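Scroll down for the structure; my scribbles are underneath it.
Residue numbers (the working numbering): -13 to 174.
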């Protein structure tokens, strides 16, 4: 008997990892199988249409039949497609760029240390929040009120913010440096 195709191929979702490699979950429709027979299938390759986060089409190639009754069948088409999702990878923020003492506990930041980026990818981060107090100090606890990821880098280090999500920041630290000069007279 002939199997015309395998359709509706099931694909496991994955977290963004910088690759387009997909993993099949074994689900699918084997078209032309005689009722009561036992067939499975596997594939040599399964690839998302791109590596970025989102709902994707998956190309499946090198399909081969398996199972107890596989010897009774030929496969007409060894390619198929399916759909799957690449979810954004969660990053954490551990510290922010230093601030010079200005008499306020509030701060805006345009740099920070992001943990969990894939490979050599880079991203920009900016946001705002406040220190526990207004005083100068090193490694001071910082509460983030708002933060935004942005695309950065080029070539192999290019990072797309849409491939990542920032975990609710906790345990973030920063430094408030001592002001080295202060106006002696008010500006006129």
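Positions of the beta carbon are idealized from the N, C-alpha and C atoms, including for glycine.
Predicted model, so just to flag it, every value in this text is computed and none were measured.
| message | Taking the beta carbon of residue 30 as the centre, do at least 16 other beta carbons fall within 10 Å, making it buried, or is it exposed? | response | Along the chain shown, read from residue 1 onward, the residue named residue 30 stands at position 44. Exposed, since its Cβ has fewer than 16 Cβ neighbours within 10 Å.
| field | Among -5, 19 and 21, nearest to residue 9 - alpha-carbon criterion | value | As a position in the chain shown, residue 9 is number 23, starting the count at 1. If we check each option's Cα against that of residue 9, -5 comes out closest.
| Residue range of the beta strand (DSSP E) that includes residue 38 | By one-based count along the chain shown, residue 38 stands at place 52. Taken as a continuous stretch (DSSP letters only), residue 38 belongs to no beta strand (DSSP E), as it is neither H nor E.
| Nearest residue (CA-CA) to residue 117, options 149, 140 and 86 | Counting from 1 along the chain shown, the entry for residue 117 is found at position 131. For the residues 149, 140 and 86, the minimum Cα distance to residue 117 belongs to 86.
| said: Measuring straight from C-alpha to C-alpha, what distance separates residue 132 and residue 114? | reply: As a first step, residue 132 must be located in the chain shown, where it is residue number 146. As a first step, residue 114 must be located in the chain shown, where it is residue number 128. Distance between the alpha carbons of residue 132 and residue 114: 5 angstroms.
| message | Taking the alpha carbon of residue -11 as the reference point, which residue from 121, 26, 105 and 7 has its own alpha carbon closest? | response | Your numbering for residue -11 matches position 3 in the chain shown. Residue 26 is the option with its Cα nearest to residue -11.
| message | Can you check which of these residues, 1, 155, 55 and 65, is closest to residue 75 by C-alpha distance? | response | Along the chain shown, one-based indexing puts residue 75 at 89. Selected option, being the one with the closest Cα: 1.
| field | residue 124 burial status per 10 Å Cβ neighbour count (16 or more: buried) | value | Residue 124 sits at position 138 when you count from the first residue of the chain shown. The residue in question, residue 124, is exposed, as its Cβ has fewer than 16 Cβ neighbours within 10 Å.
| query | Can you find at least 3 beta carbon pairs, one from the segment 100 to 109 and one from the segment 32 to 43, that sit closer than 8 angstroms? | reply | no
| query | How far does the beta strand (DSSP E) with residue 51 in it reach, from first residue to last? | reply | Position 65 of the chain shown holds residue 51. Per DSSP, residue 51 belongs to the beta strand (DSSP E) from 50 to 52.
| field | Contact check, residue 68 vs residue 44, beta carbons under 8 angstroms | value | Reading the chain shown from its first residue, position 82 is the one you call residue 68. Reading the chain shown from its first residue, position 58 is the one you call residue 44. Cβ atoms of residue 68 and residue 44: closer than 8 angstroms.
| task | Drop a sphere of 10 angstroms on the beta-carbon of residue 21, count the other beta-carbons inside from all chains shown, and report buried for 16 or more, exposed for fewer. | result | For the purposes of this step, residue 21 is taken as the residue at position 35 of the chain shown. Answer is exposed; the Cβ neighbour count stays below 16.
| request: Would you kindly work out how many angstroms separate the C-alpha atoms of residue 48 and residue 142, rounded to a whole number? | output: Mapped onto the chain shown, residue 48 falls at position 62. Mapped onto the chain shown, residue 142 falls at position 156. Approximately 30 angstroms between the Cα atoms of the pair.
| Host beta strand (DSSP E) of residue 110 (start-end) | Within the chain shown, the letter at position 124 stands for residue 110. It spans 109 to 117 - the beta strand (DSSP E) in which residue 110 sits, taken as one unbroken run.
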